[in-house]
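Colleague: My questions all concern the structure below.
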Ligand SMILES: Nc1ncnc2c1ncn2[C@@H]1O[C@H](COP(=O)(O)OS(=O)(=O)O)[C@@H](OP(=O)(O)O)[C@H]1O
């Protein structure tokens, strides 16, 4: 066996026998370690990079990540947002502990949540799971141990984060997050509810091109102008109503509201507020961003763990269809009182009117 290995690996035969044996031993150990860590990285049933499959005993629940109907993040985004790295890098970065998140981006869908998480991940003291776990809405029965297992390892002083924008409109989410930890910091990226609704519709249209027009879905009765508030694209934008539900469990000071509009016009400014809120050193500054004219959005000069520039994928920053301006105006009128209430509750004027 040793002779054959000698030939295979072309070990210099001139070496003294003891050194030769030691060298062979070292090579075998390296090969064994490599196989072990390759297997740990790829055989452990990852559903997406860095997202371990549920434990065998878990009850059959809907699939966790891409391909799940209604999923906000595409597979492409999961690829753009790895959280575990290669098997070898996990071997070298293997230290740390998986912890439950201390901060969660809870919403809103189409608000700019992916951009915020990707920007935050540049910070050395932030580690985040790339995919959306949907624990507090779709996967709660799997238990906290399952949820923790999804998280990346962190060292002392690092913050664990995740983002699932549907939490903001999930009735059970505030109580569930509070029972995990009353101290969880919550972040909501909000965006003009009218543009948000159109963005939401654009996403659905990209998957199901045969759906009715935005204009016809907006109204229960177009003649009377009655808005269909049961349509999720409209529902989600009534921020004040959803926020009331969160305030039953969390003080307002424990929730940070990020402007989706400013995240585009001044990403460093918004990131400054987020870093302060999370108690982090202000490391992410305007030096980290550049405006990509082709994309029409700010992008990172260097993505986390890479030296290359990085913009979000094609599913972020889609071209919206032209919507009848009368319908847009009707929606503006509909949202105005809710927006005013929201400004009052948060103490921030987002300038949507
Ligand atoms: N830097 C940067 N690059 C690309 N896109 C950006 C960026 N910052 C904010 N946005 C806006 O993010 C919108 C998508 O929001 P989310 O990431 O929250 O969507 S999702 O709920 O996770 O599907 C997306 O909405 P659409 O423009 O309607 O596609 C973008 O406007």
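In our numbering, the protein residues as written are 682 to 1034.
Note that beta-carbon positions come from the ideal geometry of N, C-alpha and C, so glycine has one too.
Can you find the residues in the same chain that come closer than 8 Å, C-beta to C-beta, to residue 912, ignoring five residues on each side of it along the sequence?
Modeller: 898, 899
Colleague: Which partner residues does residue 980 have in the DSSP bridge list?
Modeller: According to the DSSP secondary-structure assignment, residue 980 is paired through a beta bridge with 971.
Colleague: Give the range of the alpha helix (DSSP H) segment to which residue 915 is assigned.
Modeller: 913 to 916
Colleague: Between residue 794 and ligand 1, is there a pair consisting of the residue's CB and a ligand heavy atom that are separated by less than 6 Å?
Modeller: yes
Colleague: Which residue marks the beginning of the beta strand (DSSP E) containing residue 847, and which one marks its end?
Modeller: Looking at the DSSP string, residue 847 is not in any beta strand (DSSP E), and its letter there is neither H nor E.
Colleague: Look at the alpha carbon of residue 764 and the alpha carbon of residue 839, and state the distance between them as a whole number of angstroms.
Modeller: Residue confidence for residue 764 is low, a pLDDT of 48 falling below 50, so the modelled location carries little weight; the figure read from the coordinates is stated next. Rounded to the nearest angstrom, the two C-alpha atoms are 14 Å apart.
Colleague: If you drop the 5 nearest sequence neighbours on each side, which residues of the same chain put their C-beta closer than 6 Å to that of residue 955?
Modeller: Within the same chain, and ignoring the five residues on either side of residue 955 in sequence, no residue has its Cβ closer than 6 Å to its Cβ.
Colleague: Using beta-carbon positions only, say whether residue 930 and residue 862 come within less than 7 Å of one another.
Modeller: Taking 7 Å as the Cβ cut-off, residue 930 and residue 862 do not qualify as a contacting pair.
Colleague: Which of helix, strand or coil does DSSP assign to residue 835?
Modeller: strand
Colleague: Is residue 1033 buried or exposed, if buried means 16 or more other CB atoms sit within 10 Å of its CB?
Modeller: buried
Colleague: Regarding residue 880 and ligand 1, is the C-beta to nearest heavy atom distance less than 6 Å?
Modeller: yes
Colleague: In the DSSP output, which residue or residues are listed as bridge partners for residue 785?
Modeller: The secondary-structure analysis by DSSP pairs residue 785 across a beta bridge with 843, 867.
Colleague: Measure the CB-CB distance between residue 924 and residue 1026 and report whether it falls below 7 Å.
Modeller: Yes, Cβ-Cβ distance for residue 924 and residue 1026 is below 7 Å.
Colleague: Judging by CA-CA distance, which residue of 816, 893, 834 is the nearest neighbour of residue 856?
Modeller: The shortest Cα separation from residue 856 among 816, 893, 834 belongs to 816.
Colleague: On the DSSP bridge assignment, give the partners of residue 949 in chain order.
Modeller: Answer is none; residue 949 lacks a bridge partner.
Colleague: Can you tell me which residues form a DSSP beta bridge with residue 804?
Modeller: Residue 804 pairs with nothing; no bridge assigned.
Colleague: How many angstroms separate the CA atom of residue 1010 from the CA atom of residue 778?
Modeller: 51 Å
Colleague: Could you have a look at residue 1035 and say whether DSSP puts it in helix, strand or coil?
Modeller: This structure gives no information on residue 1035, because the portion of the chain shown stretches from 682 to 1034.
Colleague: Return the chain-ordered list of same chain residues with a C-beta closer than 8 Å to the C-beta of residue 999, the five sequence neighbours on each side being excluded.
Modeller: 880, 883, 884, 887
Colleague: How many whole angstroms separate the CB atoms of residue 807 and residue 896, which I take to be in contact at a CB cut-off of 8 Å?
Modeller: That belief does not hold up - the Cβ atoms of residue 807 and residue 896 are roughly 41 Å apart, past 8 Å.
Colleague: Is the beta carbon of residue 1001 closer than 7 Å to that of residue 982?
Modeller: no
Colleague: Check whether the Cβ of residue 846 sits closer than 6 Å to any heavy atom of ligand 1, and report yes or no.
Modeller: yes
Colleague: Quick one: any contact between the region 827 to 846 and the region 788 to 808, if contact means 3 or more CB pairs under 8 Å?
Modeller: yes
Colleague: In whole angstroms, what separates the C-alpha of residue 809 from that of residue 974?
Modeller: 28 Å
Colleague: Could you pull the start and end residues of the beta strand (DSSP E) that residue 1015 belongs to?
Modeller: For residue 1015, there is no enclosing beta strand (DSSP E); the enclosing alpha helix (DSSP H) covers residues 1006 to 1027.
Colleague: Could you tell me whether the Cβ atoms of residue 784 and residue 842 are closer together than 7 Å?
Modeller: yes
Colleague: Considering residue 939, what are the terminal residues of the beta strand (DSSP E) in which it resides?
Modeller: Counting along the chain, the beta strand (DSSP E) containing residue 939 begins and ends at 936 to 940.
Colleague: Counting C-beta neighbours from all protein chains within 10 Å, is the total for residue 782 16 or more, i.e. buried, or is it exposed?
Modeller: buried
Colleague: How long is the line joining the alpha carbons of residue 852 and residue 936, rounded to whole angstroms?
Modeller: 17 Å
Colleague: Quick one: is the Cβ of residue 666 within less than 6 Å of any heavy atom of ligand 1?
Modeller: Any property of residue 666 remains undetermined from this structure, which presents the chain solely from 682 to 1034.
Colleague: If we ignore side chains and look at the alpha-carbon of each, how far apart do residue 837 and residue 799 end up?
Modeller: One C-alpha to the other measures close to 21 Å.
Colleague: Just how far apart, CA to CA, sit residue 1005 and residue 877?
Modeller: 16 Å
Colleague: With DSSP as the reference, label residue 820 as helix, strand or coil.
Modeller: coil
Colleague: Span of the alpha helix (DSSP H) holding residue 922?
Modeller: Counted as a single uninterrupted DSSP element, the alpha helix (DSSP H) harbouring residue 922 occupies residues 920 to 928.
Colleague: Buried or exposed: where does residue 822 fall if 16 or more other Cβ atoms within 10 Å of its Cβ makes it buried?
Modeller: exposed
Colleague: Identify the residues that DSSP records as bridge partners of residue 779: which are they?
Modeller: 834
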